[in-house]
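Take a look at the structure below.
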Amino acid sequence: MKYYEFVDREPEIGTLVFIEGTQRELADRTIVTLIDRLLPPEERDFNLQRFDADSIVDFHAIADAVQAMPFLGGRRVVIVTGAHLLKAEPRRQLLSIAQGVPEGNTLVIVDLVAPSGKKTQPIGAGAGKNALRIDTSATPAKGRSAPPSDVRKRFVEELLQELGVTAEARVVSELVRADYDLSSIRNDLEKLAVGEKRITYAAFQRESLSAEDPKMYEFSAAAVGGQTARALQVVAECFDDNPRVAIPMLSALARECLAVWEMSRPNGRLPDGVKEWREAKLRSIGSAMGQRRARMAYEIAVGAFESIVTGKAGSDSDEQRTLVERITIGFGDLASRRSPSSRARK
């Protein structure tokens, strides 16, 4: 079942749900929708439990959580993210647990591989017909005649509505092109929507990170790579040229951090839009930083970006510049401390 079929049809949700496909943005939205449909807000503190594949040592905790009775509610929901990062044997263990979920509870497994993938078969392929499998790919279901851009077009239109802005038709046409990742589309629209009620194509060309800005790339690569002095120099140059440059800088930083976090994992994959020739360097940085601090760096960058988009960081350009400089210095500290596993290899 494609993502928008799940949204529109509201199918019955049983004991087992697999979120598959290639679009992390739609996967995140699927999780939110599932939680909204399965658990009232007042029950989530007691009956919602999450696990990340990055931190799974063994699967006993997941098995115990799945088998536990709901507390002061009618259902217990367990979410396991990052299953696509697991190797073959852990994936088989997770499938074994999935096949024993008791009625009344729901196990959600986020396994971001193509449903018809040949290199890695989705865990859900072996789960039986009763499992709900949701495909987050931005391409039409097999046998459908709808063009691949339909998912992207609807996503863009809904996101514009969420942001309370409109956009010229040419902007929408550009954003639904097949080579844009949906997370990148969201980042671009959030950035462009700041202070704009109607996004023009001229603004899109001028501000959007869809067309790479060498300065943004230079800043983010230097900050994450521990070259703090150079990163701060680029910050100064960028703010001297444009006092409102904080949003694209932090957006670029978040993307770079996401790539490093992915590469810090044993089976990490390059995010969409990252050049393959950068893999060796990003994997080296990720290995030295370690998964925990790489994830922390990504969350810090995203948090800083969101604080400016939402206005929490203030609208004054000097305040925004100070925030970017503070984040940059903090990244230098993160990059300078090697992970325990990295030190052990020395």
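Note that my numbering has the sequence shown beginning at 3, numbered continuously upward.
Glycine included, each C-beta is placed from N, C-alpha and C at the ideal position.
Predicted model, so just to flag it, every value in this text is computed and none were measured.
Asked	Found
Sequence-distant residues of the same chain with beta carbon closer than 6 Å to L222, five excluded per side	First, the residue type needs correcting, since residue 222 is Ser and not Leu in the sequence shown. Once the five neighbours on either side are set aside, the close Cβ partners of S222 are A254, L255, E258.
Whole-number beta carbon distance between V167 and V311, since they are thought to touch under 8 Å	Contact doesn't hold; Cβ gap of about 13 Å is too wide.
First and last residue of the uninterrupted alpha helix (DSSP H) at Q293	293 to 311
Residues that R78 bridges to, as DSSP identifies them	N107
Distance, A85 Cα to T24 Cα	13 Å
Within 8 Å, strictly: CB atoms of I99 and F20	no
Extent of the continuous alpha helix (DSSP H) run through D113	First-last for D113: undefined, no H or E at that position.
Opposing strand residues paired with Q51 [DSSP bridges]	V80
Beta-carbon proximity list for Q95, same chain, < 7 Å, skipping 5 on both sides	F61
Whether F53 touches V82 by CB criterion (8 Å)	yes
DSSP three-state assignment for L272, whether helix, strand or coil	coil
Buried or exposed (CB count within 10 angstroms, at least 16 for buried), S118	exposed
Contacts around K348, its chain only, beta-carbon distance under 6 Å, and the 5 residues preceding and following it disregarded	In this predicted model, K348 has a pLDDT of only 42, less than 50, meaning its place in the structure is not dependable; the value taken from the coordinates is given anyway. Within the same chain, K348 has no close Cβ partners at all.
8 Å contact criterion, which E45 and G75 should meet: CB distance rounded	4 Å
DSSP-derived helix/strand/coil call for L88	coil
Classification of V34 by the beta-carbon crowding that lies within 10 angstroms, buried from 16 upward	exposed
Nearest residue (CA-CA) to S139, options T324, R26, L260	R26
Three CB pairs or more closer than 8 Å across the region 315 to 323 and the region 235 to 247	yes
Where L234 falls: helix, strand or coil (DSSP)	helix
Classification of D137 by the beta-carbon crowding that lies within 10 angstroms, buried from 16 upward	buried
Neighbour-count burial assignment, V236, 16 or more Cβ in a 10 Å radius	buried
C-beta atoms of R77 and G106 nearer than 8 Å	yes
Identity of the residue in P92, I58, N49, L88 nearest F73 by Cα	N49
Beta carbon of A171 nearer than 8 Å to that of L18	no
Q229 burial status per 10 Å Cβ neighbour count (16 or more: buried)	buried
Distance between E12 and K314 (C-alpha atoms, nearest Å)	35 Å
Classification of N269 by the beta-carbon crowding that lies within 10 angstroms, buried from 16 upward	exposed
DSSP beta-bridge partners of R188	In the DSSP output, where bridge partners are listed per residue, R188 has none listed.
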